[in-house]
Ligand SMILES: *[C@@H]1O[C@H](CO)[C@@H](O)[C@H](O)[C@H]1NC(C)=O
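Residue numbers (mature numbering (1 follows the signal peptide of the UniProt record, and there is no 0)): -17 to -1, 1 to 221.
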């Protein structure tokens, strides 16, 4: 049988367009993101300190500059190519140990991304109820659709969705922030990308909102081992 090959994706590395996450002073914000995409966590406090604790519950440790983690001038934290293992609590405090801002970030695995093209009749993942202690609902929390990539002719637009878990009467949470150290693995638990055809007139006044997003999925059949390939600038959607 022929090996199935999907070569999907990507866009320009986010050199100038990394995602900026911000949260109100002294607040805790939860955020799901897709791994492999650079992000900046905002903390506007000169000489602030950043601590990190993973979802496995170990003690927070001070983040010092590492190749993939950089404190920017002004104290915001830049994470380059963040991985699912970096899911956890990012705590920014001032030099009196007072909280400035906290982020609980779930870096969902880009290599498990479920990609569907609506206009080709491909279905996104269905909601599923799982037993994890009690019954919980696993569903995709979608970002808004991005703008169409072309105007005045057929184009495509995309949106990202993150795995969320909801308990009855509770505010849903990104899956791995909900699960914490619990080792629940389920094929429903993955981020999604949905693409659909679009046709919009050209409006030169409007700025196009089409953030770049990187993911690489290169899979050879089910029986062979998976292979990952990074191919900057390639896309089947151009
Ligand atoms: C899946 O669950 C979410 C969250 O409760 C809900 O908003 C959404 O409409 C559901 N989708 C379907 C297809 O039932």
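In this text, a Cβ means the ideal position worked out from N, Cα and C, and glycines have one as well.
Could you work out which residue in the options is closest to residue i when comparing CA atoms only?
i           : options             : result
residue 106 : 135, 155 and 178    : 178
residue 39  : 28, 158, 194 and 68 : 68
residue 152 : 119, 33 and 115     : 119
Roughly how many angstroms lie between the CA atoms of residue i and residue j, to the nearest whole one?
i           : j           : result
residue 100 : residue 3   : 27 Å
residue 162 : residue 56  : 34 Å
residue 1   : residue 84  : 20 Å
residue 223 : residue 145 : Summary: the structure shown does not reach residue 223, with the chain confined to residues -17 through 221, and so no result is reported for it.
residue 15  : residue 185 : 33 Å
residue 166 : residue 74  : 25 Å
residue 133 : residue 192 : 11 Å
residue 160 : residue 31  : 25 Å
Is the distance from the Cβ of residue i to the Cβ of residue j below 9 Å?
i           : j           : result
residue 113 : residue 126 : no
residue 123 : residue 86  : no
residue 82  : residue 171 : no
residue 61  : residue 21  : yes
Under the three-state reduction of DSSP, which class applies to residue i: helix, strand or coil?
i           : result
residue 13  : strand
residue 70  : coil
residue 45  : strand
residue 101 : helix
residue 2   : strand
residue 81  : coil
residue 63  : coil
residue 217 : Bear in mind that the predicted position of residue 217 carries a pLDDT of just 46, short of 50, making it unreliable; the figure below should be weighed with that in mind. In the structure shown, residue 217 sits in coil (DSSP, three-state: anything other than H, G, I, E or B).
residue 180 : strand
Could you check where the beta strand (DSSP E) with residue i kicks off and where it finishes?
i           : result
residue 28  : From DSSP, residue 28 is part of no beta strand (DSSP E); its letter is neither H nor E.
residue 161 : No beta strand (DSSP E) contains residue 161, which is instead part of the alpha helix (DSSP H) from 158 to 162.
residue 148 : 137 to 149
residue 52  : 52 to 54
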